[in-house]
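First comes the structure, then the notes that go with it.
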Amino acid sequence: MKHKSEYEAMVTQAKKREAKDAKLRKRLLQRQMKQEDFVAQATRFWNEEVLPNWTSMRTSRKVRELWWQGLPPSMRGKAWKLAIGNDLSITSELYEICVMRAKERLQCSTEGAAEPDDAPSESPANREDSVELIRLDVSRTFPHLCIFQKGGPYHDLLQNMLGAYACYRPDVGYVQGMSFLAAMLLLNMDVADAFICFSNLLNRPCHRAFFRVDNTMMKAYFATYEELFEENLPKLYTHFEKLNVTADIYLIEWLYTSFSKSLPLDVACRVWDIFCRDGEEFFFRTALGVLRMYEDMLLNPDMDFIHTAQFLTKLPDDISAEQLFRNIEHIRTHVDKRRFSQVLAHHMEAADGSRDT
Amino acid sequence: MSYAYLFKYIIIGDTGVGKSCLLLQFTDKRFQPVHDLTIGVEFGARMITIDGKQIKLQIWDTAGQESFRSITRSYYRGAAGALLVYDITRRDTFTHLTTWLEDARQHSNSNMVIMLIGNKTDLESRRDVKKEEGEAFAREHGLIFMETSAKTAANVEEAFINTAKEIYEKIQEGVFDINNEANGIKIGPQHSPSSPHAPSGSLGQQAGGGCC
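What follows is the structure, encoded as structure tokens:
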């Protein structure tokens with residue numbers, strides 16, 4: 001008798017659990033369908049209304065709001081391309097020429113033969129370096145994706161693209177971090193478009209300052225960041241000062257890879273979406289958004305220098321875009337009514353002044 | 001965990017010589033054949049024991065590309081030890097040692113202990129720099145020298161620990177001013193003057209500490 005009642009209780013319990021699971025499944029399915037509906041609708045809207053009328057639509061309130069929620073993956077490449085633009089007027093023919101040159105160099109260096117005499121003027125050491133460095137780095141770019149490694153489907157594309165850029169801009173050459181930017185673009189568009197975007201991206205003020213290692217400009221960007229940090233998160237700012245956690249410890253990687261190495265790939269894409277909308281100041285907002293998201297944890301007395309430094313140079317791989325963007329929303333990029341560009345201009349003047357003395 | 005001293009290390013050398021792999025082998029005892037490339041700096045930490053004392057190593061693993069030199073220079077500040085790494089299969093990484101050494105000497109304190117490391121001994125068939133050449137370079141510049149393999153773990157422990165031993169000896173000899181944090185050495189929390197009766201050996205007992 002006792003067994004029977006126990007058995008019945010178990011059955012009711014199991015049935016209850018089953019019903020609860022079914023309900024949860026249904027809710028998840030609904031949510032997924034809703035999400036898919038949203039993406040389908042957004043895709044249609046971007047494709048049919050926004051992209052064909054780019055200049056007039058891009059600044060409209062509706063588009064800007066939709067943009068914040070993330071571009072539909074299939075629209076991403078097209079929208080990035082339009083937003084980055086092509087001030088440098090690079091053509092796919094120019095890309096082909098640069099790739100051909102890059103391939104010749106690659107062959108020369110593997111065969112150990114002398115370089116052709118008509119190669120553009122640059123120091124031989126630098127030229128050698130670029131080819132060798134690119135070879136080393138291509139396989140070390142997003143290794144977990146397993147597509148850029150030797151034998152992977154994107155290995156040659158990435159290598160060619162970086163080589164082509166070093167030929168196009170021998171004065172800049174190849175600088176580490178570039179392979180991640182190029183890879184991000186390659187994942188979203190064809191190689192000629194990726195090259196055009198890549199070259200134009202590297203011509204933007206912030207990227208230009210960093211990839212040419214212009215110390216004066218970099219100093220101005222860092223000073224701007226420090227000012228925004230203190231303004232937005234004063235408690236954490238003081239805490240980091242006490243711990244000696246300086247921005248050059250974590251911000252270098254975040255900026256040189258535009259967060260593509262530092263954040264999960266889907267989150268990084270969302271950051272790039274809004275960088276395309278708002279420009280370079282969004283990278284600084286993102287940096288402070290990351291700090292804000294983890295502020296309580298970072299303020300914990302157990303977080304000494306090494307733990308903080310390790311955490312910031314290897315962020316958790318389960319960061320959710322929604323949570324990060326909710327934190328970014330709270331970050332202001334103006335200080336005392338001065339906009340980001342004005343704060344930056346102020347620090348540039350200061351840095352320029354110290355260069356002259 | 002409590003410790004008697006904290007030493008700051010910096011790992012430097014050309015890109016692709018295996019700096020991050022050496023660090024990973026030392027801290028996690030594993031080898032990652034395809035490692036992410038380091039941009040800026042990454043960190044590792046591990047506790048070791050020397051002369052019965054717990055020593056915490058705080059290791060700064062830096063980016064190797066030449067373009068980053070002006071950035072990585074600031075990382076030298078307050079380092080007690082440096083591991084200067086080259087790849088025994090790539091002669092150019094050995095040729096560049098002179099500039100690395102100049103940089104290190106110029107931007108760190110003069111007592112910093114430098115360990116020269118020829119890495120990738122597992123690739124013996126592709127060796128491009130003889131062991132004797134590494135030894136000669138080290139002798140000429142007053143560095144400690146070892147050949148290692150981050151892949152097989154050969155000599156990795158020894159490289160990190162021998163550097164610490166050298167620093168420790170310098171402390172014993174009074175070369176390092178341990179109260180000046182700019183030297184890259186910190187006294188552990190339990191050794192502060194306010195808590196002389198700390199659990200593990202305090203500074204006062206170290207006078208009789210054995211020399212090897």
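Chains A and B, in that order, give the protein sequences. Sequential numbering from 1 applies to the first sequence in full-length UniProt numbering. Sequential numbering from 1 applies to the second sequence in full-length UniProt numbering. Ideal Cβ placement from N, Cα and C applies to all residues, glycine included.
- For the alpha helix (DSSP H) assignment, the uninterrupted runs of no fewer than 4 residues enclosed by the segment 267-351 of chain A are, from N- to C-terminal side, 281-293, 295-299, 305-313, 321-328.
- Taking a Cβ-Cβ cut-off of 8 Å, the neighbours of I306 (chain A) in chain B comprise F43, A45, Q58, given in sequence order.
- Beta-bridge partners assigned by DSSP to I10 (chain B): B:W60, B:A82.
- For the pair L123 (chain B) and D28 (chain B), the Cα-to-Cα distance works out to about 22 Å.
- For G77 (chain A), no CB of chain B lies under 9 Å from its own CB, so it is not counted at the interface with that chain.
- Contact between I306 (chain A) and P264 (chain A) does not hold, since the beta-carbon distance rounds to 24 Å and is not under 8 Å.
- Under DSSP, D87 (chain B) shares a beta bridge with B:N119.
- Less than 9 Å separates the beta-carbon of L6 (chain B) from that of G188 (chain B).
- Every alpha helix (DSSP H) stretch that sits fully inside the segment 122-162 of chain B and reaches 4 residues is listed by chain position as 131-141.
- Spatial neighbours of F198 (chain A) in its own chain (CB-CB distance under 6 Å, excluding positions within 5 residues in sequence) are listed in chain order as A182, L185.
- The C-alpha of S125 (chain B) lies about 40 Å from the C-alpha of A192 (chain A).
- Residues of chain B with a Cβ closer than 9 Å to the Cβ of N215 (chain A) are, in chain order, S70, I71.
- Within chain B, the residues placing a beta-carbon under 7 Å from that of G177 (chain A) are I39, ordered along the chain.
- The continuous beta strand (DSSP E) containing F43 (chain B) extends over residues 41-50.
- Interface annotation for the segment 309-324 of chain A against chain B: A309, Q310, T313, K314, criterion Cβ-Cβ distance under 8 Å.
- According to the DSSP secondary-structure assignment, I114 (chain B) is paired through a beta bridge with B:A82.
- Residues L23, T27, I59 of the same chain have their beta carbon placed closer than 6 Å to that of G44 (chain B), with the five preceding and five following residues left out of the count.
- Within chain B, the residues D36, I39 have their CB atoms less than 8 Å from the CB of K261 (chain A), given in chain order.
- Here G279 (chain A) is actually not in contact with I328 (chain A); their C-beta atoms are around 14 Å apart, not less than 8 Å.
- With a cut-off of 8 Å on Cβ pairs, the segment 205-214 of chain A is in contact with the segment 67-84 of chain B, counting three or more such pairs.
- For I252 (chain A), there is no enclosing beta strand (DSSP E); the residue is part of the alpha helix (DSSP H) that begins and ends at 247-256.
- Comparing alpha carbon positions, the residue from A:Y95, A:V343, A:A220, A:V271 closest to D248 (chain A) is A:A220.
- The beta-carbon distance between V17 (chain B) and G81 (chain B), rounded to whole angstroms, is 18 Å. This is too long to meet the 8 Å contact definition.
- About 13 Å separates the beta carbon of I117 (chain B) from that of A153 (chain B), a gap too long to meet the 8 Å contact definition.
- DSSP places Y3 (chain B) in the coil class of the three-state scheme, outside both helix and strand.
- Proximity to V245 (chain A) across B:S74, B:V34, B:R30, B:Y3 peaks at B:S74, based on C-alpha coordinates.
- The beta-bridge partner set that DSSP reports for Q54 (chain B) consists of B:T49.
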